[in-house]
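Participant:
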Amino acid sequence: MTGNPAPNASVQEAPGGSPRAVPLLEARHVSKYFGSVIALRDVSLEVRAGEVTCVLGDNGAGKSSLIKTLSGVFPPDEGEILVDGNPIHFSGPREARAHGIATVFQDLATVPMMSVWRNFFLGQEPTRSFGPIRFLDQGRAKDVMKVEMAKMGINVSDPNQYVGTLSGGERQAVAISRAVYFGARVLILDEPTSALGVRQSGIVLKYVLQARDMGRGVILITHNPHHAYPVGDRFVLLKLGRVMGSYTKDQINVAELTQMMAGGEELAQLSHELQRLGPDQPAIREAAQELAQDAAGEI
Amino acid sequence: MQLPGPGIPGPGSASSEEAGDCAMDVPNTTKQAGPTSGRGDRVVAARTVTRIFRRPEVGAALAALAIFLIFAVNPVSSPLWLSQAGFVGWLTQAWQFGIMAVPVGLLMIGGEFDLSAGVLTGATAIMIGLLANEFGWNIWLCIALSGVFAVLVGLFNGFLVVKTKLPSFIVTLATFFVLRGTSVGLVEAINANSTVVTVLNPPAGTDLAKAIFGGSVGSQPAFPVALFWWLGVTILGMVILSRTTVGNWIFAAGGEPNAARNVGVPVGATKILLFVGTALGAWLVGTIQFTAGLSAVSEQGVGYELYYIVAAVVGGCLLTGGYGSVLGASIGAAIIGMALQGVIYARWPSQWGFAFLGILLLFGVIVNAVTFRQAQRARR
Ligand SMILES: Nc1ncnc2c1ncn2[C@@H]1O[C@H](COP(=O)(O)OP(=O)(O)O)[C@@H](O)[C@H]1O
Ligand SMILES: [Mg+2]
Numbered sequence: 001m002t003g004n005p006a007p008n009a010s011v012q013e014a015p016g017g018s019p020r021a022v023p024l025l026e027a028r029h030v031s032k033y034f035g036s037v038i039a040l041r042d043v044s045l046e047v048r049a050g051e052v053t054c055v056l057g058d059n060g061a062g063k064s065s066l067i068k069t070l071s072g073v074f075p076p077d078e079g080e081i082l083v084d085g086n087p088i089h090f091s092g093p094r095e096a097r098a099h100g101i102a103t104v105f106q107d108l109a110t111v112p113m114m115s116v117w118r119n120f121f122l123g124q125e126p127t128r129s130f131g132p133i134r135f136l137d138q139g140r141a142k143d144v145m146k147v148e149m150a151k152m153g154i155n156v157s158d159p160n161q162y163v164g165t166l167s168g169g170e171r172q173a174v175a176i177s178r179a180v181y182f183g184a185r186v187l188i189l190d191e192p193t194s195a196l197g198v199r200q201s202g203i204v205l206k207y208v209l210q211a212r213d214m215g216r217g218v219i220l221i222t223h224n225p226h227h228a229y230p231v232g233d234r235f236v237l238l239k240l241g242r243v244m245g246s247y248t249k250d251q252i253n254v255a256e257l258t259q260m261m262a263g264g265e266e267l268a269q270l271s272h273e274l275q276r277l278g279p280d281q282p283a284i285r286e287a288a289q290e291l292a293q294d295a296a297g298e299i
Numbered sequence: 300m301q302l303p304g305p306g307i308p309g310p311g312s313a314s315s316e317e318a319g320d321c322a323m324d325v326p327n328t329t330k331q332a333g334p335t336s337g338r339g340d341r342v343v344a345a346r347t348v349t350r351i352f353r354r355p356e357v358g359a360a361l362a363a364l365a366i367f368l369i370f371a372v373n374p375v376s377s378p379l380w381l382s383q384a385g386f387v388g389w390l391t392q393a394w395q396f397g398i399m400a401v402p403v404g405l406l407m408i409g410g411e412f413d414l415s416a417g418v419l420t421g422a423t424a425i426m427i428g429l430l431a432n433e434f435g436w437n438i439w440l441c442i443a444l445s446g447v448f449a450v451l452v453g454l455f456n457g458f459l460v461v462k463t464k465l466p467s468f469i470v471t472l473a474t475f476f477v478l479r480g481t482s483v484g485l486v487e488a489i490n491a492n493s494t495v496v497t498v499l500n501p502p503a504g505t506d507l508a509k510a511i512f513g514g515s516v517g518s519q520p521a522f523p524v525a526l527f528w529w530l531g532v533t534i535l536g537m538v539i540l541s542r543t544t545v546g547n548w549i550f551a552a553g554g555e556p557n558a559a560r561n562v563g564v565p566v567g568a569t570k571i572l573l574f575v576g577t578a579l580g581a582w583l584v585g586t587i588q589f590t591a592g593l594s595a596v597s598e599q600g601v602g603y604e605l606y607y608i609v610a611a612v613v614g615g616c617l618l619t620g621g622y623g624s625v626l627g628a629s630i631g632a633a634i635i636g637m638a639l640q641g642v643i644y645a646r647w648p649s650q651w652g653f654a655f656l657g658i659l660l661l662f663g664v665i666v667n668a669v670t671f672r673q674a675q676r677a678r679r
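Those sequence lines, one after another, are chains A and B. Residue numbering for the first sequence follows the working numbering, beginning at 1 and increasing consecutively. Residue numbering for the second sequence follows the working numbering, beginning at 300 and increasing consecutively.
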């Protein structure tokens with residue numbers, strides 16, 4: 001609440017030795033249960049400075065649950081979270097932030113009935129002291145917000161505009177530019193492109209690369225391998241709460257990634273179904289063939 | 300509440316004015332995008348007039364003006380209404396609601412209610428009287444102890460609501476009954492079966508305390524000093540809501556508590572603070588009322604909690620939280636004072652005052668709901 005963190009000042013190389021030696025943030029054998037639902041089971045993942053770790057998986061795979069344990073929303077039921085190699089228990093998102101972990105949550109990232117500038121600085125308000133009393137530094141907050149949003153390609157003419165009146169993509173942009181601005185060392189983005197059009201998706205991916213080049217670690221959650229592959233250094237595939245595979249970029253190509261994600265046999269099966277349904281309809285036959293190709297890993 | 304007029308945003312308008320900002324924060328219209336703004340500019344700038352009228356307190360101010368004029372032009376009420384005695388009359392009603400409407404409005408913006416706020420004004424007053432009578436302590440000590448008691452009640456309400464996650468409506472209703480029952484039972488037990496506590500031998504410090512809290516200023520009929528407290532509390536509330544970090548947290552705690560928590564806002568602590576705020580407001584009202592007459596009655600303030608809520612809603616606070624105005628809540632209190640006193644001056648049956656308030660309340664709730672939906676409309 002007091003901090004006016006200069007966005008770049010907090011980017012540090014790991015002290016001593018190679019900066020890449022120790023992951024900035026790591027999950028080891030993490031499990032999370034919601035009653036009888038296994039949201040996560042024995043999931044491990046790491047993100048290093050200057051790298052992008054992508055988490056891929058279908059809806060319900062446990063991606064959001066994973067990042068919530070990483071960002072302090074709830075503790076893992078089993079396993080541990082490590083920051084700079086040291087096990088840690090976050091008391092809440094605030095503490096995770098204090099450790100330099102900034103997260104854009106899939107839903108509930110912004111408050112609709114609050115203005116853009118208030119949302120941008122929510123939880124990290126810049127203040128100015130008048131004697132013993134600290135006031136919001138509104139002028140600075142509005143200026144910074146405008147500059148940061150402009151970097152995302154959005155020109156906010158009225159900083160008092162409610163976030164609820166923005167489009168889904170614009171709201172996502174507010175949350176992302178906020179996280180990038182405050183994103184000290186690790187930036188976690190939960191499906192940032194799912195509500196966005198092509199152009200804004202591109203901007204988000206550019207942001208991911210920028211953050212990486214600044215030496216930050218990025219965890220990018222998505223169900224789109226075509227978004228993940230070009231920017232990712234590591235890929236973790238989740239399915240029904242378990243890790244299906246964990247690869248570095250040189251171990252896998254985008255076709256294999258797509259195939260892994262969709263589940264090869266399932267695609268092949270779907271292709272057969274479609275062919276059986278409409279053997280004489282060209283559109284269905286074409287779709288079936290495409291699926292069969294995907295299943296075989298050719299793109 | 301807001302009156303129909305240019306202030307009601309038309310369908311499709313996508314810009315909205317900051318709620319709850321004080322008058323200092325007039326939007327800088329020169330920064331609006333001109334027609335030449337880049338293609339990235341997706342933000343439709345609202346017309347200045349529309350923006351001003353959409354502020355929640357502007358509607359309340361217009362309603363207050365209308366009610367003032369009604370009693371000013373009515374030939375029966377007019378002479379008294381426009382005299383000093385007339386002003387003293389409705390202002391004396393209004394400050395009691397106004398000092399409380401501010402913290403209650405803030406609490407409502409933070410997403411909670413406090414039904415124990417009314418009875419606590421009486422309980423704190425009674426406590427000062429009992430301590431002064433039983434122990435003869437310096438009145439400032441009695442006032443301070445009563446303040447400690449109020450803070451404890453606020454903390455109790457706040458912790459219970461935050462920890463149990465029960466609706467504050469129910470939790471504070473329970474507190475209401477407990478306070479009401481104990482203040483009657485305890486006072487009767489201590490006070491020879493009388494529910495009136497009167498301090499016949501004022502302890503040390505009483506004169507000063509009376510001058511500061513319960514006194515009055517100006518020629519007769521004099522204005523109560525409490526009006527300055529009302530003004531001070533209103534300004535304090537406005538500054539907190541729109542100019543401080545906590546104000547940001549209050550909007551967020553009521554608007555979207557999970558999102559707020561996710562970005563590190565201490566939502567629980569903010570809510571507890573707000574409950575302590577209403578309790579302290581009640582303590583201030585109790586202190587003023589006690590020092591004014593050096594007596595207090597059990598059940599004093601019972602039922603007033605609803606007026607506070609009416610004032611906040613009429614002033615533009617959204618019942619579901621996340622949106623509202625401190626200045627509006629304060630103006631809402633003035634409206635209640637005028638309505639209740641005006642019907643007496645106009646020699647209408649006093650019950651008409653309530654009917655009047657009921658209509659205003661309904662109107663306020665509807666306008667708030669429309670405003671809220673408007674702000675959500677542009678979501679795609
Ligand atoms: N708070 C919760 N309470 C109960 N079940 C939950 C909760 N959050 C997630 N789940 C369940 O955990 C599983 C994984 O959900 P989630 O992590 O949101 O998946 P993803 O983000 O990959 O779509 C789902 O079956 C979901 O229903
Ligand atoms: Mg998800």
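The beta carbon of each residue, even a glycine, is placed where N, CA and C say it ideally should be. All values derive from a computational prediction rather than experimental measurement.
Against chain A, which members of the region 538-561 of chain B pass a CB distance test of less than 7 Å?
Facilitator: So the list reads R542, T543, T544, N547, F550, A551, G554, E555, N557, A558, A559, R560 and N561, given in the order they occur along the chain.
Participant: Reducing DSSP to helix, strand and coil, say where E290/A ends up.
Facilitator: helix
Participant: For the region 72-134 of chain A, which segments carrying the beta strand (DSSP E) assignment without a break, of at least 3 residues, lie completely within its bounds, in sequence order?
Facilitator: The qualifying runs are 78-83, 86-88, 101-104 and 127-130.
Participant: Can you give me the C-alpha to C-alpha distance between P225/A and V104/A, rounded to a whole angstrom?
Facilitator: In this structure, the alpha-carbon of P225/A lies about 19 Å from that of V104/A.
Participant: Just list the beta strand (DSSP E) runs in the region 125-180 of chain A, keeping only unbroken ones of 3 residues or longer that don't cross its boundaries, in chain order.
Facilitator: 127-130 and 133-136
Participant: Quick one: is E125/A near chain B, going by C-beta distance under 8 Å?
Facilitator: Yes, E125/A counts as interfacial toward chain B.
Participant: Check the Cβ-Cβ distances between G663/B and every residue of chain A, and say whether any is below 8 Å.
Facilitator: no
Participant: Is K239/A near ligand 2, judged by its Cβ being under 7 Å from some heavy atom?
Facilitator: no
Participant: What residue from W439/B, F671/B and M426/B has the CA that sits closest to I511/B's CA?
Facilitator: W439/B
Participant: Would V686/B be called buried (16 or more neighbouring beta carbons within 10 Å of its own) or exposed?
Facilitator: The question about residue 686/B has no answer, for chain B in this structure spans 300 to 679.
Participant: Does G563/B have its Cβ less than 8 Å from a Cβ in chain A?
Facilitator: Contact with chain A is found for G563/B, since one of that chain's Cβ atoms lies less than 8 Å from the residue's Cβ.
Participant: Determine the closest residue to V470/B out of L526/B, F574/B, V562/B and R354/B, with distance taken between C-alpha atoms.
Facilitator: Taking only the C-alpha atoms, the option nearest V470/B is F574/B.
Participant: Going along the chain, which residues of its own chain have a beta-carbon closer than 6 Å to the beta-carbon of W586/B, five neighbours each way excluded?
Facilitator: The identity of residue 586/B in the sequence shown is Thr, whereas the question assumes Trp. Same-chain partners within the cutoff: I442 and F512.
Participant: Tell me, please, whether the CB atom of G621/B is closer than 8 Å to any CB atom in chain A?
Facilitator: yes
Participant: Does any residue of chain B have a CB that is nearer than 8 Å to the CB of R285/A?
Facilitator: no
Participant: On the DSSP bridge list, what partners appear for D325/A?
Facilitator: In the structure displayed, chain A extends from 1 to 299; residue 325/A sits before or after that span and is not available.
Participant: Give the interface partners of T110/A over in chain B, defined as CB-CB distance under 8 Å, in chain order.
Facilitator: E555 and A558
Participant: Does DSSP classify P523/B as helix, strand or coil?
Facilitator: strand
Participant: Flag L24/A as yes if its beta-carbon sits less than 8 Å from any beta-carbon of chain B, otherwise no.
Facilitator: no
Participant: Which term fits H89/A, buried or exposed, when burial requires 16 or more other beta carbons within 10 angstroms of its beta carbon?
Facilitator: exposed
Participant: Is the region 132-140 of chain A close to the region 535-548 of chain B, with three or more CB pairs under 8 Å?
Facilitator: yes
Participant: For D143/A and S177/A, what's the separation of their Cα atoms in angstroms?
Facilitator: 14 Å
Participant: Does the beta-carbon of K63/A, which I'm using as the reference point, lie nearer than 7 Å to any heavy atom of ligand 4?
Facilitator: No copy of ligand 4 appears in this structure; the ligands present are ligand 1 and ligand 2.
Participant: Please check if any C-beta of chain B sits within less than 8 Å of the C-beta of M145/A.
Facilitator: no
Participant: Any residues in the region 183-200 of chain A with a beta carbon nearer than 8 Å to a beta carbon of chain B? Which ones, in chain order?
Facilitator: Going along the region 183-200 of chain A in chain order, one finds no residue with a Cβ nearer than 8 Å to chain B.
Participant: Go through the region 23-75 of chain A residue by residue and report every complete run of the beta strand (DSSP E) that reaches 3 residues or more, in order.
Facilitator: Within the region 23-75 of chain A, the complete beta strand (DSSP E) runs of at least 3 residues are 25-34, 37-47 and 52-57.
Participant: Between the beta-carbon of V387/B and the beta-carbon of F522/B, is there less than 8 Å?
Facilitator: yes
Participant: Taking 8 Å as the limit between beta carbons, can you name the residues of its chain near C616/B, skipping five residues before and five after?
Facilitator: Once the five neighbours on either side are set aside, the close Cβ partners of C616/B are P355, G404, M407, I408, Y622, G623, S624, G627, A628 and N667.
Participant: I'd like to know if R118/A contacts chain B, where contact means its C-beta is closer than 8 Å to some C-beta of that chain.
Facilitator: yes
Participant: With a threshold of 8 Å between beta-carbons, can R140/A be considered close to chain B, or not?
Facilitator: no
Participant: Does the Cβ of S201/A have 16 or more other Cβ atoms within 10 Å, making it buried, or fewer, making it exposed?
Facilitator: buried
Participant: Can you name the start and end residues of the alpha helix (DSSP H) that A611/B belongs to?
Facilitator: Y603 to V613
Participant: As an exercise, report each continuous alpha helix (DSSP H) stretch of at least 4 residues that is fully enclosed by the region 506-578 of chain B, in chain order.
Facilitator: 525-542, 544-554 and 556-561
Participant: Quick one, are the C-beta atoms of V186/A and V174/A less than 8 Å apart?
Facilitator: no
Participant: L136/A versus chain B: which residues are under 9 Å apart at the beta carbon?
Facilitator: S541, R542, T543, T544, G546 and N547
Participant: List, from N- to C-terminal side, the alpha helix (DSSP H) runs of 4 residues or more that fit wholly inside the region 420-444 of chain B.
Facilitator: none
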